[in-house]
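Here our numbering runs 20 ahead of the position in the sequence shown, where the first position is 1. Every residue gets a Cβ at the ideal spot worked out from N, C-alpha and C, and that includes glycine. Only a predicted model underlies this, so the values are computations on that prediction, with no experimental measurement involved. Note sheet for the following structure.
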Amino acid sequence: MPKKKTVIKMQTYGIYSQWDAKSKDLPKINQFTTDIPAEIDIEFGFVINVKSARGKKVFYCINHPNVHNRSGEPCAPFTGEVHITNNDWSFYLGDTIWAPIEDKCGPWRMTIELDGELIADKTFNVFSSNCNAVINERFPYQLY
Numbered sequence: 021m022p023k024k025k026t027v028i029k030m031q032t033y034g035i036y037s038q039w040d041a042k043s044k045d046l047p048k049i050n051q052f053t054t055d056i057p058a059e060i061d062i063e064f065g066f067v068i069n070v071k072s073a074r075g076k077k078v079f080y081c082i083n084h085p086n087v088h089n090r091s092g093e094p095c096a097p098f099t100g101e102v103h104i105t106n107n108d109w110s111f112y113l114g115d116t117i118w119a120p121i122e123d124k125c126g127p128w129r130m131t132i133e134l135d136g137e138l139i140a141d142k143t144f145n146v147f148s149s150n151c152n153a154v155i156n157e158r159f160p161y162q163l164y
């Protein structure tokens, strides 16, 4: 009997309710958007559903702007892998904003791969008037 084809669907993306990583429940979508205000504890990302891929692993990456660690060093992208536990599997990939917000502004690209193939890709624009002030201090010239 031929194996069923894997079906992948991005179900929701944008701003979500607060998420408890220890809970089996996924966060609830509050607003569909890719424009994310840089507010402390705002939760954003996307939910995918994968059918017919039980036992495989997905690899995720959150490529953020120039986020720094406590020592002031730029952080590498957040990466990891998750096992698909059933044949109708939903997964939330997301993040939240924490202080200071100034280094959180900019494009956050979130991707998921399965079997070396990109299956989900969404870029979120995290913005704030405070971030623009910091950018203007660093780059006082205007772009035309």
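### Query
So what's D135 in DSSP terms, helix, strand or just coil?
Counted from its first residue, the sequence shown places residue 135 at position 115. In this structure, D135 counts as coil in the three-state DSSP scheme.
### Query
By Cβ distance, which residues of its chain are closer than 8 angstroms to I139, with the 5 residues on each side in sequence left out?
To locate residue 139, count along the sequence shown from 1; it is residue 119. Cβ within range, chain order: I28, I68, V70, V78, I132 and E133.
### Task
If I'm right that I117 touches F98 with Cβ under 8 angstroms, what's the distance once you round it to whole angstroms?
If you number the sequence shown from 1, residue 117 lands on position 97. If you number the sequence shown from 1, residue 98 lands on position 78. Not really, about 14 angstroms apart at Cβ, beyond 8 angstroms.
### Task
Excluding the 5 residues preceding and the 5 following P94 in the sequence, name in chain order all residues of the same chain whose CB lies nearer than 8 angstroms to its CB.
Here residue 94 is taken as the residue at index 74 of the sequence shown, counted from 1. N86, V87 and H88, listed in sequence order.
### Query
Looking at the structure shown, is S149 part of a helix, part of a strand, or coil, going by DSSP?
Here residue 149 refers to the residue found at position 129 when the sequence shown is read from its first residue. Three-state DSSP puts S149 in a helix.
### Task
Sort out for me which residues DSSP pairs D123 with in a bridge.
Locating residue 123 in the sequence shown gives position 103, counting from the first residue. Paired residue(s): none; D123 is not in a bridge.
### Message
Could you check whether I62 and I104 sit closer than 8 angstroms to each other, using their CB atoms as the reference points?
### Response
Taking the sequence shown and counting its residues from 1, the one referred to as residue 104 is at position 84. Taking the sequence shown and counting its residues from 1, the one referred to as residue 62 is at position 42. No, Cβ-Cβ distance for I104 and I62 is not below 8 angstroms.
### N- and C-terminal bounds of the beta strand (DSSP E) containing V71
Along the sequence shown, one-based indexing puts residue 71 at 51. Note on residue identity: the sequence assigns Lys, not Val, to residue 71. Here the beta strand (DSSP E) through K71 covers E63 to K71.
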